[in-house]
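Asker: Sharing a structure with you now.
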Ligand SMILES: [Zn+2]
């Protein structure tokens with residue numbers, strides 16, 4: 454029954470959104486969503502980073518609203534992106550890497566909502582956890598995935614894995630639209646490990662490092678460091694960060710080319726352009742280097758979010774409310790003048806009023822199980838540990854034993870967030886051996 458009801462709701466929404474029998478004019482706001490995978494906000498100039506990683510994003514910020522407290526629903530690629538694109542938390546959208554599950558066909562996606570209003574929809578993305586088998590291709594007329602390089606050193610540098618290549622594909626798509634409204638979802642793994650920057654991008658950051666690590670930091674090297682087989686000192690650790698920062702600089706340059714393309718086509722001023730990420734990266738805050746998906750600490754959940762509204766409304770402003778991945782899609786639809794599906798759980802960030810009081814996040818531990826956290830503006834319950842985010846933003850002092858009533862109350866709220874909605878029926882993802890090998894090469898599966 455659940456499946457039939459969900460499908461009926463979905464069809465009803467898509468029919469209504471298409472405006473069948475209705476003469477209302479179609480909205481023409483160009484819509485662009487950019488996800489730079491693994492991008493920490495505190496490594497961007499517009500979020501206060503002192504290094505020259507992001508001159509183009511910093512300039513774009515002057516036209517956008519900057520959200521200071523945006524958080525992902527998961528520290529990993531598929532779960533987090535599925536939340537962004539469906540406006541559902543991971544247990545409700547159903548996608549899973551650990552259990553080979555796709556977003557069910559019954560779930561309405563951001564792309565479907567826009568396509569139902571006449572938008573041409575296209576995604577150029579890095580594939581792997583965004584491979585079409587996981588269902589995020591729903592609603593896209595064009596869904597093109599570039600599978601990123603593996604861990605082998607000879608594969609560290611590949612022009613097709615740079616965001617610049619993605620933007621070039623977007624240019625080809627835009628040139629074919631001839632005035633039709635479009636939705637572009639662009640995603641890149643360029644900043645994701647392995648960190649393999651061009652020497653020219655690394656030069657401003659690496660200084661005179663003469664330690665034992667190479668300039669290209671592969672996944673196997675990071676695995677060896679994190680397993681304790683390859684000891685590193687503080688200079689080595691900084692060299693890994695240098696390579697990460699250099700890849701941000703390259704992705705930022707490609708983002709600048711995207712903005713230039715929109716301006717060249719006369720689309721920029723009217724466009725809705727959103728830039729975000731799916732999760733962060735750990736650089737030794739809790740013992741791991743160049744890694745993610747393994748904890749629910751803020752270095753993995755805090756993400757950048759820049760929203761340039763049509764007509765550059767609210768340009769250059771800063772918002773401090775709590776923001777969730779599920780809020781991105783409804784905010785985009787409202788800004789584009791497109792109906793928001795009633796299955797979407799997020800809220801329009803531009804509407805008056807405060808943001809959500811709590812944010813649920815979870816990471817997969819296999820066999821249908823997740824470890825989860827619930828944060829408020831002041832507190833975070835992660836597993837059974839309780840952190841005071843105001844006094845201990847680094848999340849090092851567990852207060853659960855000292856504040857058992859608070860920990861219990863947050864635990865009940867954390868359960869209620871998930872229990873409040875029925876879980877979608879499962880949809881197996883057909884993962885072939887090549888894709889599984891790519892997942893292995895990026896350290897996602899054993
Ligand atoms: Zn990711």
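In my numbering, the protein residues as written are 454 to 899.
Ideal placement from N, C-alpha and C gives every residue a C-beta, glycine not left out.
1. Can we count residue 646 as close to ligand 3, meaning its CB is less than 8 Å from some heavy atom?
2. Would you kindly work out how many angstroms separate the C-alpha atoms of residue 670 and residue 759, rounded to a whole number?
3. Decide yes or no for the touch test of the stretch 673-683 against the stretch 650-662: beta carbon pairs closer than 8 Å, at least 3 of them.
4. Would residue 757 and residue 703 be called neighbours here (beta carbons separated by less than 9 Å)?
5. Please list, following the chain, all residues that have a C-beta closer than 5 Å to any non-hydrogen atom of ligand 1.
6. With three or more C-beta pairs closer than 8 Å as the rule, is the stretch 533-549 touching the stretch 873-888?
7. Leaving out the 5 sequence neighbours to the left and right, which residues in its chain are closer than 8 Å to residue 736 when beta-carbon positions are compared?
8. Go through its chain and collect everything with a Cβ distance to residue 482's Cβ below 8 Å, but skip five positions before and after it.
9. Please report the Cβ distance between residue 705 and residue 488, rounded to the nearest whole angstrom; I am assuming they are in contact, meaning their Cβ atoms lie under 8 Å.
10. Taking the straight line between their C-alpha atoms, what separation do you get for residue 734 and residue 595?
11. What is the C-beta distance between residue 534 and residue 589, in whole angstroms, given that I count them as a contact (C-beta under 8 Å)?
12. Less than 9 Å separating the beta-carbons of residue 527 and residue 731?
13. Using a 10 Å radius around the Cβ and a threshold of 16 neighbouring Cβ atoms, would you call residue 643 buried or exposed?
14. Could you tell me the boundaries of the beta strand (DSSP E) in which residue 640 lies?
15. Taking DSSP's pairing of strands, which residues face residue 881 in a bridge?
16. In chain order, what residues of the same chain have a beta carbon less than 7 Å from the beta carbon of residue 783, not counting five sequence neighbours either side?
17. Between residue 856 and residue 825, what straight-line distance do the alpha-carbon atoms span, to the nearest angstrom?
18. DSSP on residue 625, reduced to helix/strand/coil?
19. Classify residue 495: buried if its beta carbon has 16 or more other beta carbons within 10 angstroms, exposed otherwise.
20. Can you find the residues in the same chain that come closer than 7 Å, C-beta to C-beta, to residue 604, ignoring five residues on each side of it along the sequence?
21. Drop a sphere of 10 angstroms on the beta-carbon of residue 584, count the other beta-carbons inside from all chains shown, and report buried for 16 or more, exposed for fewer.
22. At the level of alpha carbons, what is the spacing between residue 500 and residue 521?
23. Does the stretch 618-629 touch the stretch 710-718, meaning 3 or more C-beta pairs lie closer than 8 Å?
24. Tell me the rounded alpha-carbon separation between residue 474 and residue 806.
25. Could you tell me the boundaries of the alpha helix (DSSP H) in which residue 890 lies?
26. DSSP state of residue 532, grouped into three classes?
27. Go ahead and pull the three-state DSSP assignment for residue 562.
28. What does the Cβ neighbour count give for residue 515, buried or exposed, with the cut at 16 atoms within 10 Å?
29. Taking all protein chains shown into account, do 16 or more other C-beta atoms lie within 10 angstroms of the C-beta of residue 591, making it buried, or fewer, making it exposed?
30. Assuming residue 841 is part of the beta strand (DSSP E), what are its boundary residues?
31. Classify residue 644 as helix, strand or coil using the three-state DSSP reduction.
32. Look at the alpha carbon of residue 454 and the alpha carbon of residue 829, and state the distance between them as a whole number of angstroms.
33. Compute the Euclidean distance between the alpha carbons of residue 659 and residue 667, then round it to the nearest angstrom.
Answerer: Quick look at the numbers:
1. Ligands displayed in this structure: ligand 1; ligand 3 is not among them.
2. Reading the chain shown from its first residue, position 217 is the one you call residue 670. Reading the chain shown from its first residue, position 306 is the one you call residue 759. Distance between the alpha carbons of residue 670 and residue 759 is about 29 Å.
3. These segments do not touch.
4. One-based indexing of the chain shown puts residue 757 at position 304. One-based indexing of the chain shown puts residue 703 at position 250. Not closer than 9 Å, so no.
5. Listed by chain position, these are 490, 530, 731.
6. yes
7. Looking up residue 736 in the chain shown gives position 283. Same-chain partners within the cutoff: 690, 693, 694, 697, 742, 743, 752.
8. Locating residue 482 in the chain shown gives position 29, where the first residue counts as 1. Contacts found: 634, 723, 724, 725, 763, 788, 789, 790.
9. Here residue 705 refers to the residue found at position 252 when the chain shown is read from its first residue. Here residue 488 refers to the residue found at position 35 when the chain shown is read from its first residue. The beta-carbon separation of residue 705 and residue 488, rounded to 14 Å, does not stay under the 8 Å limit for a contact.
10. The count along the chain shown starts at 1 and reaches residue 734 at position 281. The count along the chain shown starts at 1 and reaches residue 595 at position 142. Residue 734 and residue 595: Cα-Cα distance of roughly 30 Å.
11. Within the chain shown, numbered from 1, the residue matching residue 534 stands at position 81. Within the chain shown, numbered from 1, the residue matching residue 589 stands at position 136. About 6 Å separates the two Cβ atoms, so the contact holds.
12. If you number the chain shown from 1, residue 527 lands on position 74. If you number the chain shown from 1, residue 731 lands on position 278. Cβ atoms of residue 527 and residue 731: closer than 9 Å.
13. On the chain shown, residue 643 is found 190 positions in, with the first residue counted as 1. So residue 643 counts as buried.
14. Position 187 of the chain shown holds residue 640. Residue 640 -> beta strand (DSSP E) spans 635-641.
15. As a working note, residue 881 is residue 428 in the chain shown. Beta-bridge pairing by DSSP links residue 881 to 554.
16. Stepping through the chain shown from its first residue, residue 783 is reached at position 330. Cβ neighbours of residue 783 beyond the five flanking positions: 540, 793, 797, 799, 800, 801.
17. Counted from its first residue, the chain shown places residue 856 at position 403. Counted from its first residue, the chain shown places residue 825 at position 372. Cα to Cα, residue 856 sits roughly 19 Å from residue 825.
18. As a working mapping, residue 625 is identified with position 172 in the chain shown. Three-state DSSP puts residue 625 in a helix.
19. As a working note, residue 495 is residue 42 in the chain shown. Exposed is the call here.
20. Reading the chain shown from its first residue, position 151 is the one you call residue 604. Model confidence at residue 604 stands at a pLDDT of 44, short of 50, so the residue's coordinates are unreliable; what they give is reported in the following sentence. Here the set comprises 647, 671, 672, 673, 894.
21. As a working note, residue 584 is residue 131 in the chain shown. Buried.
22. The residue labelled residue 500 in the question sits at position 47 within the chain shown. The residue labelled residue 521 in the question sits at position 68 within the chain shown. Cα to Cα, the separation comes out at about 8 Å.
23. Yes, the stretch 710-718 touches the stretch 618-629.
24. Numbered from its first residue, the chain shown carries residue 474 at position 21. Numbered from its first residue, the chain shown carries residue 806 at position 353. Since pLDDT at residue 474 reaches only 40, below the 50 mark, its modelled position is unreliable, and no value is offered.
25. Along the chain shown, one-based indexing puts residue 890 at 437. Run containing residue 890: 886-894, per the alpha helix (DSSP H) assignment.
26. Translated into positions along the chain shown, residue 532 becomes position 79. Correct three-state label for residue 532: helix.
27. In the chain shown, counting from the first residue as 1, residue 562 sits at position 109. In the three-state reduction of the DSSP assignment, residue 562 falls in the coil class, being assigned neither a helical nor a strand state.
28. On the chain shown, residue 515 is found 62 positions in, with the first residue counted as 1. So residue 515 counts as exposed.
29. Residue 591 sits at position 138 when you count from the first residue of the chain shown. Classification for residue 591: buried.
30. As a working note, residue 841 is residue 388 in the chain shown. For residue 841, the enclosing beta strand (DSSP E) stretches over residues 838-841.
31. For the purposes of this step, residue 644 is taken as residue 191 along the chain shown, with counting starting at 1. Residue state, collapsed to three classes: coil.
32. Taking the first residue of the chain shown as 1, we reach residue 454 at position 1. Taking the first residue of the chain shown as 1, we reach residue 829 at position 376. Because the pLDDT at residue 454 is just 33, under 50, the model does not fix this residue reliably, and the value given afterwards should be weighed accordingly. Rounded to whole angstroms, residue 454 to residue 829 spans 36 Å at the Cα level.
33. One-based indexing of the chain shown puts residue 659 at position 206. One-based indexing of the chain shown puts residue 667 at position 214. If you take the alpha carbons of residue 659 and residue 667, they lie about 11 Å apart.
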